[in-house]
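Worksheet: the structure to be examined is printed underneath.
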Amino acid sequence: MLNDRQLRNLIRLAEGWVKEIEVEAVSLSGGETAFTGDVLLPWLQKKVSTLLKPELYVRGDGGPPVQPLIWEGITFYPDLVVVSAHEKYLAFEVKILRDGDPGGALTKAIGQTSLYARLGFSATFGLIFDQRSSVARNQIVSWKDEILEQDSSHVHYYY
Numbered sequence: 054m055l056n057d058r059q060l061r062n063l064i065r066l067a068e069g070w071v072k073e074i075e076v077e078a079v080s081l082s083g084g085e086t087a088f089t090g091d092v093l094l095p096w097l098q099k100k101v102s103t104l105l106k107p108e109l110y111v112r113g114d115g116g117p118p119v120q121p122l123i124w125e126g127i128t129f130y131p132d133l134v135v136v137s138a139h140e141k142y143l144a145f146e147v148k149i150l151r152d153g154d155p156g157g158a159l160t161k162a163i164g165q166t167s168l169y170a171r172l173g174f175s176a177t178f179g180l181i182f183d184q185r186s187s188v189a190r191n192q193i194v195s196w197k198d199e200i201l202e203q204d205s206s207h208v209h210y211y212y
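Position one of the sequence shown corresponds to residue 54 (my numbering), numbered consecutively onward.
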């Protein structure tokens with residue numbers, strides 16, 4: 054179990070990690086699951102390993118499976134988590150907005166990110182990549198971010 058200082062450091066590490074992500078737009082073409090497993094999971098595993106806390110596990114798409122979260126009989130799976138045997142520290146939800154139903158994907162990402170905070174994660178992150186054809190884009194995706202405090206949990210949206 055992490056103490057308060059260690060938890061704050063873990064959250065700061067995650068905030069910094071997310072802000073330094075530079076994503077080539079082409080890497081998003083395979084979808085959320087492939088992108089999470091091929092790009093985000095190894096990157097987060099590397100960052101968490103620098104903490105030298107063997108009790109921390111990084112789980113997610115393309116790696117060790119996350120444990121399901123159940124709310125009102127509905128099962129949810131965050132795309133990435135940092136957990137220990139008995140504690141839930143960080144949850145990440147990844148969504149790619151595409152033509153068709155970008156509003157649905159956006160509201161789903163916000164809802165799931167908020168729900169993970171309510172279900173016990175210390176901090177939650179919504180990573181939202183806008184790949185609609187109507188949006189002018191660069192080869193490298195950059196971030197705008199918003200941080201909302203919800204009770205004692207921090208909910209972060211990066212868009």
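For each residue, glycine too, the CB sits at the ideal point set by N, CA and C.
The structure displayed is predicted, hence computed values, not measured ones.
Handout entry: Extent of the continuous beta strand (DSSP E) run through PHE182
Key = 176-183
Practice task
Have a look at ARG65 and LYS141 and give me their C-alpha separation to the nearest angstrom.
Solution key: 16 Å
Handout entry: Cβ contact check for the region 95-104 and the region 150-157: 3 or more pairs under 8 Å
Key = no
Problem - Outcome for THR177 when other beta-carbon atoms lying within 10 angstroms are tallied against a minimum of 16 - result: buried
Practice task
Identify every residue that forms a DSSP beta bridge with SER127.
Solution key: The sequence given here has Ile at residue 127, not Ser. Beta-bridge pairing links ILE127 to TRP124.
Exercise for the section: Determine the burial state of SER175: buried for a count of at least 16 other Cβ atoms within 10 Å of its Cβ, exposed for fewer. Expected result: buried
Problem - DSSP-derived helix/strand/coil call for GLY90 - result: helix
Practice task
Note down, in chain order, each residue of its chain lying with its Cβ closer than 6 Å to the Cβ of ALA144, except the 5 sequence neighbours on either side.
Solution key: PRO131, VAL134, TYR169, PHE174, THR177
Exercise for the section: Measure the Cβ-Cβ separation of ARG112 and PRO121 and say whether it is below 8 Å. Expected result: no
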